[in-house]
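J.:
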Amino acid sequence: MPHPYATHVGVRRLVTAAIAAPSVHNTQPWFFRLDEDAAVMELHADTGRGLPVIDPRGRALHISCGAALFNLRLAIRVTGHRPLIEPFPDAARRPDLLAAVRAADAPMPSPSLAELYATIPHRRTNRRPFGKRRVPQVVRDELAAAAREEGAVLNLPGPQTTAYLLGLIAAADAKLVADPAYLAELARWTPDRTRGDGVPWYSFGPRPTGRGLPLRDFGPEGPAGGRDVDDFAARPQLGVLLTRGDGPQDWLRAGQALQRVLLTAARRGVSSSLLSQLLDARGSGPAEPQPHGHIQAIIRFGYGPLVPGTPRRPFPEVLERV
Ligand SMILES: Cc1cc2nc3c(=O)[nH]c(=O)nc-3n(C[C@H](O)[C@H](O)[C@H](O)COP(=O)(O)O)c2cc1C
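Quick note: the sequence shown uses my numbering, first residue 76, plus one each step.
1) By DSSP's criteria, residue 376 is part of a beta bridge. Which residues make up the other side?
2) Could you tell me which of 359, 136, 182 and 341 sits nearest to residue 244, measuring between CA atoms?
3) Between the Cα of residue 281 and those of 339, 204, 314 and 322, spot the shortest distance and give me the residue it belongs to.
4) Go through its chain and collect everything with a Cβ distance to residue 142's Cβ below 6 Å, but skip five positions before and after it.
5) At 4 residues or longer, what runs of the alpha helix (DSSP H) sit wholly inside the stretch 172-242?
6) Report the rounded CA-to-CA distance for residue 390 versus residue 287, giving the unit in angstroms.
7) Determine which residues share a DSSP beta bridge with residue 163 and list them.
8) Could you tell me the distance, in whole angstroms, from the CA atom of residue 293 to the CA atom of residue 384?
9) Going straight from the alpha carbon of residue 277 to that of residue 283, what length do you get?
10) Are there any heavy atoms of ligand 1 lying less than 7 Å away from the beta-carbon of residue 99, as far as the coordinates show?
11) So residue 83 is in the alpha helix (DSSP H); what residue range does that whole segment cover?
12) Please work out which residues of its chain come closer than 6 Å, Cβ to Cβ, to residue 217, disregarding the five sequence neighbours upstream and downstream, and give them in chain order.
13) Buried or exposed: which applies to residue 200, given that a residue is buried once 16 or more other Cβ atoms fall within 10 Å of its Cβ?
14) Should residue 339 be listed as close to ligand 1, given that the test is whether its C-beta is under 7 Å from any heavy atom?
15) Excluding sequence positions up to five away, which residues of its chain have a Cβ less than 6 Å from the Cβ of residue 347?
16) So residue 326 is in the alpha helix (DSSP H); what residue range does that whole segment cover?
Here's what the structure looks like:
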């Protein structure tokens, strides 16, 4: 197989896979710089796309970039190469340079990795109600193993801890929606006309009935009118993703683990969405360290309907060749 950076089509395929990653408020806070002569692709954080109100430390920004890095790794792997990742190659002088990515020859990947790659365009954040069917133990084990592969931990809490966590998320959400700065920032990333970034109105999902599930409320309505109201399961299957530390390296790791978990779920037909209000700076700030480390993401898993994809910025905006 030719080197993954050798042709324009090849590079386009890699970057297209990378930018299909989820990102907080669909900010897509990344850009790529390819040095063709040195055969190195750099992943940079685009801090101008950060969220100073809910994410002043750039935690969610790094997680988003980590998710893109995982997709890039998979896309390189399926070309019969092994990605060689150097995280933060110049941390002191260029902290926004998150990774230098090279590629070495390798045998073709296992069918399961190739399937994970093929799942990239089908993974979506699904904010609709999930059905009653429970996520089977064998799939829950696979999700936890996916996080472990990336050096993180995924806990899948039982009903009591789930109820406790949902209570904390609801309290954080109530605090956020009373904060004008939070609402102004959210409004900037929920455009009422089609744009290449931000969360589009058609993916807000319905509002939960009653006190329902504390999903993040992205806004009142779309151009077609008010949002529906629907019943959501009160005790969904949650996943809590943790890392040992809580700095940029850990966040980049958390993003890769998150994406491996989400793709593993999607590959098994399991839908997912995130409930991050508890981790937002103005929700309740960084959560207390838990026995297994620091909470980096809270995920809802289940079986939901198909939902449309969200927009991405055009490819030339995110790739620079030097
Ligand atoms: C770090 C991070 C935090 C997120 N937090 C939330 C959240 O609190 N609520 C939510 O509905 N979606 C959340 N998302 C999902 C993004 O809004 C979603 O990835 C983005 O809109 C792009 O859509 P897609 O995932 O369908 O491609 C989060 C994503 C990331 C990476």
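Ideal Cβ placement from N, Cα and C applies to all residues, glycine included.
T.: The answer reads as follows:
1) Taking the sequence shown and counting its residues from 1, the one referred to as residue 376 is at position 301. Answer is 312 and 347, bridged to residue 376.
2) Translated into positions along the sequence shown, residue 244 becomes position 169. Checked all of 359, 136, 182 and 341; the closest Cα to residue 244 is 359.
3) Numbered from its first residue, the sequence shown carries residue 281 at position 206. The option with the nearest alpha carbon to residue 281 is 204.
4) Looking up residue 142 in the sequence shown gives position 67. Here the set comprises 96, 97, 330, 333 and 334.
5) 186-194 and 212-224
6) Against the sequence shown, residue 390 aligns to sequence position 315. Against the sequence shown, residue 287 aligns to sequence position 212. In a straight line, the C-alpha of residue 390 is about 39 Å away from that of residue 287.
7) Position 88 of the sequence shown, counted from the first residue, corresponds to residue 163. For residue 163, which the question treats as bridged, DSSP gives no partner whatsoever.
8) Taking the sequence shown and counting its residues from 1, one reaches residue 293 at position 218. Taking the sequence shown and counting its residues from 1, one reaches residue 384 at position 309. Going by the C-alpha atoms only, they are around 16 Å apart.
9) Translated into positions along the sequence shown, residue 277 becomes position 202. Translated into positions along the sequence shown, residue 283 becomes position 208. If you take the alpha carbons of residue 277 and residue 283, they lie about 16 Å apart.
10) One-based indexing of the sequence shown puts residue 99 at position 24. Yes; taking the cut-off as 7 Å, the Cβ of residue 99 has a heavy atom of ligand 1 nearer than that.
11) The residue labelled residue 83 in the question sits at position 8 within the sequence shown. Per DSSP, residue 83 belongs to the alpha helix (DSSP H) from 83-94.
12) Position 142 of the sequence shown, counting from 1, holds the residue named residue 217. For residue 217, where only same-chain residues beyond five positions count, the Cβ hits under 6 Å are 339.
13) Here residue 200 corresponds to residue number 125 of the sequence shown, with the count starting at 1. Looking at its Cβ environment, which holds 16 or more other Cβ atoms inside 10 Å, residue 200 is buried.
14) Indexing the sequence shown from 1 puts residue 339 at position 264. No.
15) On the sequence shown, position 272 is the one that residue 347 refers to. Answer for residue 347: 337, 340, 374 and 376, listed in chain order.
16) Here residue 326 corresponds to residue number 251 of the sequence shown, with the count starting at 1. From DSSP, the alpha helix (DSSP H) with residue 326 extends over 323-342.
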